[in-house]
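Numbers given in the numbering used here equal positions in the sequence shown, counted from 1, plus 11. C-beta: ideal position from N, C-alpha, C; glycine also. If you're wondering where the values come from, they're calculated on a predicted model, not measured in any experiment.
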Amino acid sequence: MFAAERRQLILEMVRANGAVSLRELARVVQTSEVTVRRDVRALEAEGLLDRRHGGAVLPGGFTRESGFPQKSHLATAEKTAIADVAASLVEEGEAIVVGAGTTTQELARRLARVPGLTVVTNSLLVAQALAHANRVEVVMTGGTLRGSNYALVGSGAEQSLQGLRVSRAFLSGSGLTAERGLSTSNMLSASVDRALVQAAAEVVVLADHTKLGTDTMFQTVPTDVMTRLVTDEPPPHDDRAGTELQALADQGVQITVAGAAASPGAPGEGMAGRRPRRESPLPVQRRGGPTAQLRSAGMIPDPQPGERERARVADMRRR
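Have a look at this one:
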């Protein structure tokens, strides 16, 4: 594929989705992340897009919200890994709330195995994933259907959550920064998410690395309200994502990185018996960049020999 064709495809993907990771762009255009990074820089120089934390976004300070069809094909492996870890946090017989989103939909598919669970949600996709789980009770909020993400929003949804109290809320969003916390691009969705937060004793945010450092219009979960962040391993040399994780950890957010060795539970404990191996707060004042600090803290596994060599070659090419 010629450079002009490749860059046009990259531009179309970013326009369609609002934000796309370099990893995903490289997969779609069938080239290396080094080449994609070069293309993104060229497009940024023309003012057609902005580089942002291991990916590309539409020009401007805030990203817009993608529709469900676009979101469902982004960072699918990362969302699966995050959902696996998040499901391990849920105990038998618990009552939780689960917000709308493609990552929370993945979580719901795994929650179908947890007996005695009660799930309150405003998401039709979450409810559908649990519809045939005979040991899980699903409670839907009221509200008006928002077709772009199959969620119930508005005053009806918010009023149905008044007086509710559950142990945990699992929420996703469009962006996550240490300064503002979790945010989304839609005012109605943000308002319902805030009501979900108010109903929970603990708040668990599910966000893949492409959302780290991305800021959108409406805040849903301030950083000081977040109990835990479950995310995936940032790409090699993406120290900006590592910086955001370190800043979140410095503010007291417990961070679990999917893929950083979640230890298996005892035999017979099933999905609810697994626990992540390490959590933040992360140690500070270590040598190396933020990603190196995360690795030294046990949050991100060290690269294998072949990965080290590929990373070294990629770094030489960038220089």
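Out of G154, T221, V40 and R62, the CA that lies nearest to the CA of L187 is found in T221.
T114 sits in a helix when the DSSP states are folded into three classes.
G165 is positioned such that its CB atom lies closer than 7 angstroms to that of T155. The continuous beta strand (DSSP E) containing R179 extends over residues V177 to L182. Around the beta carbon of Q116, 16 or more other beta carbons lie within 10 angstroms, which makes this residue buried. Under the three-state reduction of DSSP output, S200 falls in the helix class. Of the residues assessed, F13 falls on the exposed side of the cut-off, its CB having fewer than 16 other CB atoms within 10 angstroms.
Taking the Cα of A138 as reference, the smallest distance to any Cα among V177, A201, A210 and Y161 is reached at Y161.
Positions of the beta strand (DSSP E) runs, each at least 3 residues long and wholly inside the stretch 87-153, are given as 106-109, 128-132 and 147-151 in order along the chain. The beta-carbon separation of A67 and V25, rounded to 5 angstroms, stays under the 8 angstroms limit for a contact.
Between the alpha carbons of L141 and E44 lies a gap of roughly 37 angstroms.
Between the C-alpha atoms of V40 and D61 there is a straight-line separation of about 18 angstroms. A contact is defined here as three or more CB-CB pairs under 8 angstroms, and the stretch 241-248 meets this definition with respect to the stretch 89-105. As DSSP reads the structure, S32 sits in a beta bridge with G66. Taking the Cα positions, V203 is about 43 angstroms away from A15.
Judged by DSSP in its simplified three-state form, L223 adopts strand. Residue pairing by DSSP places G192 opposite T188 in a beta bridge.
Here DSSP, grouped into helix, strand and coil, assigns Q173 to coil.
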